[in-house]
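Engineer: One structure coming up, written as structure tokens, with questions to follow.
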Amino acid sequence: MILQCAVLFGFLAAGELIVFLSGVPVPSSIIGMILLAASLESGRLKLHQVEQFADFLTRNLGFFFVPAGVGVMRCLGLIADQWLPIVASVIVSTFIIIAVTGWTHQWVRRAAKRFRRHD
Numbered sequence: 000m001i002l003q004c005a006v007l008f009g010f011l012a013a014g015e016l017i018v019f020l021s022g023v024p025v026p027s028s029i030i031g032m033i034l035l036a037a038s039l040e041s042g043r044l045k046l047h048q049v050e051q052f053a054d055f056l057t058r059n060l061g062f063f064f065v066p067a068g069v070g071v072m073r074c075l076g077l078i079a080d081q082w083l084p085i086v087a088s089v090i091v092s093t094f095i096i097i098a099v100t101g102w103t104h105q106w107v108r109r110a111a112k113r114f115r116r117h118d
């Protein structure tokens, strides 16, 4: 399991290196996940090589939310003062995300249908 942890941290480190060298404004963890997904999809990395540690992380996912929860608790006064704009932005952004996701899904389905007709 230590080797699997090292593999996952290696992808995170590769993401850090790419962001450091290129200055791209994308979180290094996202770059690392893209590299990991590409390696799994291409077959260069097999699922069994990281599956046990990934399952461990998934089973203990709740622990990763503790720091964020503590941060929210430390800002309760600010949140209480600004509850209306916070609730309004959450509601509006939720509807925007649902709409954009639906439009993207429709666009991808139409594009896939056109692609299949040309085969």
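If you read the sequence shown in the numbering used here, its first letter stands for residue 0, the second for the next number, and so on. Beta carbons: idealized from backbone N, C-alpha and C, even for Gly. Remember, it's a predicted structure, so these values are computed and weren't measured experimentally.
(1) Between alanine 67 and leucine 34, which are expected to be in contact by the criterion C-beta below 8 angstroms, what is the C-beta distance as a whole number of angstroms?
(2) Considering just the uninterrupted stretch of the alpha helix (DSSP H) at leucine 39, what are its terminal residues?
(3) Pull up the distance between the alpha-carbon of cysteine 74 and that of threonine 93, whole angstroms please.
(4) Do leucine 2 and alanine 53 have their CB atoms nearer than 9 angstroms?
Structural biologist: Quick answer:
(1) Here residue 67 is taken as the residue at index 68 of the sequence shown, counted from 1. Here residue 34 is taken as the residue at index 35 of the sequence shown, counted from 1. The C-beta separation of alanine 67 from leucine 34 comes to about 25 angstroms, leaving the pair out of contact by the 8 angstroms criterion.
(2) As a working note, residue 39 is residue 40 in the sequence shown. Per DSSP, leucine 39 belongs to the alpha helix (DSSP H) from 27 to 41.
(3) Position 75 of the sequence shown holds residue 74. Position 94 of the sequence shown holds residue 93. The C-alpha of cysteine 74 lies about 23 angstroms from the C-alpha of threonine 93.
(4) Your numbering for residue 2 matches position 3 in the sequence shown. Your numbering for residue 53 matches position 54 in the sequence shown. Not closer than 9 angstroms, so no.
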